[in-house]
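If you use this note's numbering, the sequence shown corresponds to residues 413 to 633, in order. A short worksheet on the structure shown next.
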Amino acid sequence: MMNNNKWMNQQGIKGLKSLLVPGLMAFKGQKYLLLLCLMSLFLPASAQEFTPEKSVVDVEKVAFKQPVTVRFKLWNKGNKPLQIADVRTNCGCTVVSYPRKPVQAGHACNVMATYDAKLMGHFEKTLGVYVQGNDKPLMLRLKGIVVEKVDKPAVIPAKNLPNPDKNSKKKKKKDKKKQKEDKKRQKEEKKRQKEKEKKNEKLQRDQMKPSAIQQKREREK
């Protein structure tokens, strides 16, 4: 009898465990999911930002009081449009310009910075590019040295750069025109030479022929 009671107690405990364990596991799983949801609400989302081709531009030598302008090319390598909210500089000697429209994913934009070069010596200017939805700025730097005089400008605008293809086309066109003029000149020279030769031949023939008076005298004799 006692053995039967013991066996029944063991079976009851096993049945209770089989009922309680899955419930506890389910409760723990729900608790874990709830914790993850709460963490996702409080954790900051990863903000997108631009990727610069060059974050530092060295213009080297700049002539005194000759403003120099550089271009920072920024790429949007994310999957959403990015819009520049503001570009701040560390002094009033640098003026910036930037696009006011959103930059689509996979596209690029230009941020232009102009330094007035009113102080002699080395300089290093910082730009902070702020993107909407991101409080952390993208830092860019412009550096160089202002000297009294330079032989060539530090930065040449792209539109003023020589185009070798264009120059070669112009040269070919000029050479072709010169060749045509040379051929025409040679033709005219040959024509004049022939006319001169004909004239000389005629003159020689005329000199060799006896005059009409001489012929008459010879007939009278």
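Backbone N, C-alpha and C define an ideal beta-carbon position, used for all residues, glycine too.
Apply the 10 Å Cβ neighbour rule to Gly556 and answer buried if 16 or more other Cβ atoms are within range, or exposed otherwise. As a working note, residue 556 is residue 144 in the sequence shown. Looking at its Cβ environment, which holds 16 or more other Cβ atoms inside 10 Å, Gly556 is buried.
Per DSSP, Leu531 forms a beta bridge with which residues? Sequence index remark: in the sequence shown, residue 531 carries index 119 (1-based). None, per the DSSP bridge assignment.
Once you ignore the five residues that flank Lys608 on each side, which residues in its own chain have a CB closer than 6 Å to its CB? Numbered from its first residue, the sequence shown carries residue 608 at position 196. Closer than 6 Å at the Cβ level, and outside the excluded window around Lys608, lies no residue.
Determine which residues share a DSSP beta bridge with Val543 and list them. Counting from one through the sequence shown, the residue named residue 543 turns up at place 131. Paired residues: Ile496.
Note down the Cα distance separating Met532 from Ala517, rounded to an integer number of angstroms. Locating residue 532 in the sequence shown gives position 120, counting from the first residue. Locating residue 517 in the sequence shown gives position 105, counting from the first residue. Roughly 41 Å separates the two Cα atoms.
Note down, in chain order, each residue of its chain lying with its Cβ closer than 8 Å to the Cβ of Pro493, except the 5 sequence neighbours on either side. Walking along the sequence shown from the start, residue 493 turns up at place 81. Excluding positions up to five away in sequence, the list reads Pro514, Val515, Gln516, Ala517.
Would Phe476 count as contacting chain D if we go by Cβ distances under 8 Å? You won't find chain D in this structure, because it holds only one protein chain.
Reduced DSSP category for Lys606 - H, G, I as helix; E, B as strand; rest coil: As a working note, residue 606 is residue 194 in the sequence shown. Helix at Lys606.
Going by C-alpha distance, which of Pro479, Glu600, Ile496 is nearest Pro549? Stepping through the sequence shown from its first residue, residue 549 is reached at position 137. Cα-wise, what sits closest to Pro549 is Ile496.
Local conformation of Arg512 per DSSP, three classes: Translated into the one-based positions of the sequence shown, residue 512 becomes position 100. Three-state DSSP puts Arg512 in coil, outside helix and strand.
In whole angstroms, give me the CA-to-CA distance for Gly522 and Lys489. Here residue 522 corresponds to residue number 110 of the sequence shown, with the count starting at 1. Here residue 489 corresponds to residue number 77 of the sequence shown, with the count starting at 1. Residue identity differs from the one stated: residue 522 is Asn in this sequence, not Gly. Computed Cα separation, rounded: 15 Å.
What is the rounded straight-line gap between the Cα of Glu472 and the Cα of Phe462? Residue numbering aside, residue 472 sits at position 60 when the sequence shown is read from its first letter. Residue numbering aside, residue 462 sits at position 50 when the sequence shown is read from its first letter. Phe462 has its alpha-carbon roughly 26 Å from the corresponding atom of Glu472.
According to DSSP, is Asn522 helix, strand or coil? Residue numbering aside, residue 522 sits at position 110 when the sequence shown is read from its first letter. Note: Asn522 maps to strand in three-state DSSP.
Going by CA-CA distance only, name the one from Arg617, Lys599, Val474, Asp498 that's closest to Met551. Position 139 of the sequence shown, counted from the start, is the residue given in the question as residue 551. Of the candidates Arg617, Lys599, Val474, Asp498, the one whose C-alpha sits nearest the C-alpha of Met551 is Asp498.
Quick one: using the 10 Å Cβ neighbour count with 16 as the cut-off for buried, is Val482 buried or exposed? Taking the first residue of the sequence shown as 1, we reach residue 482 at position 70. Classification of Val482: buried, given that the 10 Å Cβ count is 16 or more.
In this structure, does DSSP put Asp618 in helix, strand or coil? As a first step, residue 618 must be located in the sequence shown, where it is residue number 206. If DSSP states are grouped into helix, strand and coil, Asp618 belongs with the helices.
Measuring straight from C-alpha to C-alpha, what distance separates Asn502 and Pro511? Residue numbering aside, residue 502 sits at position 90 when the sequence shown is read from its first letter. Residue numbering aside, residue 511 sits at position 99 when the sequence shown is read from its first letter. Using only the alpha carbons, I get a separation of about 20 Å.
Over the uninterrupted beta strand (DSSP E) stretch that includes Glu472, give me the two end residues. Your numbering for residue 472 matches position 60 in the sequence shown. 468 to 475 is the span of the beta strand (DSSP E), which, as asked, contains Glu472.
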